[in-house]
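Residue numbers (my numbering): 543 to 808. No residue lacks a Cβ here, since even glycine has one placed at the ideal position from N, Cα and C.
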């Protein structure tokens, strides 16, 4: 009997573990779980049946659980609107000084294979010219208005915003020390200290690398799946989920501080 977790690598990144997470993890398993998360950024397990309390316990191995007023932790597409609309590439709370450390979604009730969440690895090496553009540069980031969450924000000169912030274009991941590309399609309005058109063109050049198919993992949801990911190492995106049948996901956030929720994500 092994003291560690049984796992396999996913392509192009991430791992899948074989473990009933409803049962407590041993100390060696818990340590390996943290190592897999910090190293690979994406941990998936299938066939789970977790209460909210147990999902929080598992995610609590990675840091403090963040509870936000006005949010019950359940993501549903019922009723359509923002809770079912497409969400472009982003990391939650990336425009703040305290982006979430990790996110977890557990499929309680879904039509198997009908919907997905895509992930892009932000810990990538850009061509030297693009890295030079981002290195040491700041960006204006926003929480877009809920009607334009599917758009590429840098394509609009003065995008509507619910919140704004200034953040570095490259960001050090505190979980592993790696440098992450911190610009993204949904939340980056512009690179500072350059003209808007130049900023837009440079950002699109970065996105061509960041969101290339070889750098994206798509998870198709089946009932019982749980996906836990590093919100700093990875960006995520969701397609429109109005026509995919019932979709209810249980959500847990790992983080120290939180902005008020303004749209249901996942």
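Between which two residues does the beta strand (DSSP E) carrying residue i extend?
i: residue 651; result: 644-652
i: residue 610; result: It is not in any beta strand (DSSP E) - residue 610 carries neither H nor E in the DSSP assignment.
i: residue 569; result: Unbroken run through residue 569 is the alpha helix (DSSP H), 569-582; no beta strand (DSSP E).
i: residue 559; result: 557-560
i: residue 774; result: No beta strand (DSSP E) holds residue 774; DSSP gives it neither H nor E.
i: residue 680; result: 680-686
i: residue 703; result: 703-710
i: residue 630; result: 629-632
Verify whether the separation of the beta carbon atoms of residue i and residue j is less than 8 angstroms.
i: residue 776; j: residue 584; result: yes
i: residue 589; j: residue 759; result: no
i: residue 704; j: residue 727; result: no
i: residue 658; j: residue 762; result: yes
i: residue 734; j: residue 681; result: yes
i: residue 615; j: residue 643; result: no
i: residue 647; j: residue 769; result: yes
i: residue 631; j: residue 779; result: yes
i: residue 757; j: residue 666; result: yes
i: residue 561; j: residue 547; result: yes
i: residue 649; j: residue 766; result: yes
i: residue 595; j: residue 563; result: no
i: residue 578; j: residue 549; result: yes
Residues bridged to residue i by DSSP?
i: residue 725; result: In the DSSP output, where bridge partners are listed per residue, residue 725 has none listed.
i: residue 792; result: 616, 648
i: residue 548; result: 560
i: residue 760; result: 660
i: residue 640; result: None, per the DSSP bridge assignment.
i: residue 714; result: 721
i: residue 733; result: 681
i: residue 587; result: 559, 768
Which residues mark the beginning and the end of the alpha helix (DSSP H) in which residue i is found?
i: residue 595; result: 594-601
i: residue 739; result: 738-752
i: residue 676; result: 670-676
Can you give the beta carbon distance from residue i to residue j, rounded, assuming they're within the 8 angstroms contact cut?
i: residue 627; j: residue 696; result: Rounded, the Cβ-Cβ distance is 20 angstroms, inconsistent with contact.
i: residue 723; j: residue 668; result: 7 angstroms
i: residue 639; j: residue 683; result: The pair is not a contact, with the Cβ atoms about 11 angstroms apart (cut-off 8 angstroms).
i: residue 633; j: residue 624; result: Not really, about 18 angstroms apart at Cβ, beyond 8 angstroms.
i: residue 702; j: residue 694; result: No, residue 702 and residue 694 are not in contact; Cβ-Cβ is about 14 angstroms, not under 8 angstroms.
i: residue 663; j: residue 711; result: Contact flag wrong, Cβ pair sits at about 17 angstroms.
Original post:
For the stretch 782-791 against the stretch 647-659, are there 3 or more C-beta pairs whose distance is under 8 angstroms?
Top reply: The stretch 782-791 is in contact with the stretch 647-659.
**OP:** Inspect the CB distances between the stretch 709-717 and the stretch 767-776 and report whether three or more fall short of 8 angstroms.
**Re:** By the Cβ rule, the stretch 709-717 counts as touching the stretch 767-776, because three or more pairs are nearer than 8 angstroms.
Original post:
Can you find at least 3 beta carbon pairs, one from the stretch 741-750 and one from the stretch 669-684, that sit closer than 8 angstroms?
Top reply: yes
Original post:
Should the stretch 568-578 be regarded as contacting the stretch 608-617, the criterion being three or more beta carbon pairs within less than 8 angstroms?
Top reply: no
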